[in-house]
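**Q** Numbering (mature numbering (1 follows the signal peptide of the UniProt record, and there is no 0)), first residue to last: -20 to -1, 1 to 73. For glycine and all other residues, C-beta sits at the position ideal for the given N, C-alpha and C. Here it is, the structure in full.
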Amino acid sequence: MKNLILPAFVVLIGAGSAFATQNAKKDASKLVDRQGYIYNHALQECEEANMCSTFESDEVCTIDDTPSGQQAYGLNSPGDLSTCNAVLFKKSN
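As structure tokens, then:
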């Protein structure tokens, strides 16, 4: 009986680790880089500004990557340049 406890324990640890790794990969795939936009009032549509991220951080995405710069936003609907006010965050290097 003692000879079966250690191998069974190792198998359970391995299965648990594999499951945890799969969940971490799924969560990481949700955090992606997104194109940031600013709204051009003259054209009445959003224009590409800077690459941003969906990963939440203390710093929002700006057009010049400075805290005092104009904030860049994500499109509300993919391909629809009429509204861009989805909050995006500064892309980590």
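#1: What separation, rounded to the nearest whole angstrom, lies between the Cα atoms of Y53 and E25?
#2: Taking DSSP's pairing of strands, which residues face C32 in a bridge?
#3: Would you mind stating whether R14 and L68 have Cβ atoms separated by less than 8 Å?
#4: Using the Cα positions of Y17 and E39, report the straight-line distance between them to the nearest angstrom.
#5: With a Cβ-Cβ cutoff of 8 Å, do S33 and S57 count as a contact?
**A** Per the coordinate set shown:
#1: Roughly 12 Å between the two C-alpha positions.
#2: Residue pairing by DSSP puts C32 in a beta bridge opposite R14.
#3: Cβ atoms of R14 and L68: closer than 8 Å.
#4: Each residue's Cα considered, the two are about 16 Å apart.
#5: Note that the C-beta distance between S33 and S57 is not below 8 Å.
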